[in-house]
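Comments concern the structure below.
Residue numbers (our numbering): 1050 to 1198.
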């Protein structure tokens, strides 16, 4: 399973907002510059993040985006699922998938895919933006954080 740029860039952008939490709105062009991302692409991502209630947009000359909740209340799972959809290694184990596989009752590999899904969800649901900030503060070379996210 591999995340697309949506999920990876979304986590980077949300981390940037977390770094500036409580200091007012951050313009997308500032996030794009600091994370070396396309402003146009960030606009698409932030439309989804805003719709999901993870960020708020502030209009005006000093406008931009802010987190809608504290960094400790937003998980990496919240961000990734908003931008990527459900996290599952196979179609047959997507939680909200309405169509059930006709082989589910006797498919030996389904159990494996469920365990992988549950493990991935457990990890991303237990890492918050605050955890990322704490890890960032522990890093020795604070100038290169954008290259490691």
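For every residue, glycine included, the Cβ atom is placed at its ideal position computed from N, Cα and C.
Near residue i, what residues of its chain come up, given a Cβ to Cβ distance below 6 Å and the 5 sequence neighbours on each side ignored?
| i | result |
| --- | --- |
| residue 1137 | 1143 and 1166 |
What's the call for residue i, buried or exposed, on a 16-neighbour Cβ count within 10 Å?
| i | result |
| --- | --- |
| residue 1147 | The pLDDT assigned to residue 1147 is 49, lower than 50, so where the model puts this residue is not dependable; a value taken from the coordinates is nonetheless given after this. With fewer than 16 other Cβ atoms within 10 Å, it is exposed. |
| residue 1061 | buried |
| residue 1067 | buried |
| residue 1151 | exposed |
| residue 1127 | buried |
Just verifying my parser: in three-state terms, what is the DSSP assignment at residue i?
| i | result |
| --- | --- |
| residue 1105 | strand |
| residue 1147 | In this prediction, residue 1147 has a pLDDT of 49, which is less than 50 and means its spatial position is unreliable; what the coordinates show is noted afterwards. Three-state result, residue 1147: coil. |
| residue 1038 | The structure shown does not extend to residue 1038, since the chain is modelled only from 1050 to 1198, so the question has no answer here. |
| residue 1126 | helix |
| residue 1116 | strand |
Got a sec, what are the start and stop residues for the beta strand (DSSP E) residue i sits in?
| i | result |
| --- | --- |
| residue 1058 | Note, residue 1058: premise wrong, no beta strand (DSSP E); alpha helix (DSSP H) at 1054 to 1068. |
I'd like the span of the alpha helix (DSSP H) that includes residue i, first residue to last.
| i | result |
| --- | --- |
| residue 1161 | 1157 to 1173 |
Our contact map puts residue i next to residue j with C-beta atoms below 8 Å; I'd like the distance itself, whole angstroms only.
| i | j | result |
| --- | --- | --- |
| residue 1179 | residue 1120 | 4 Å |
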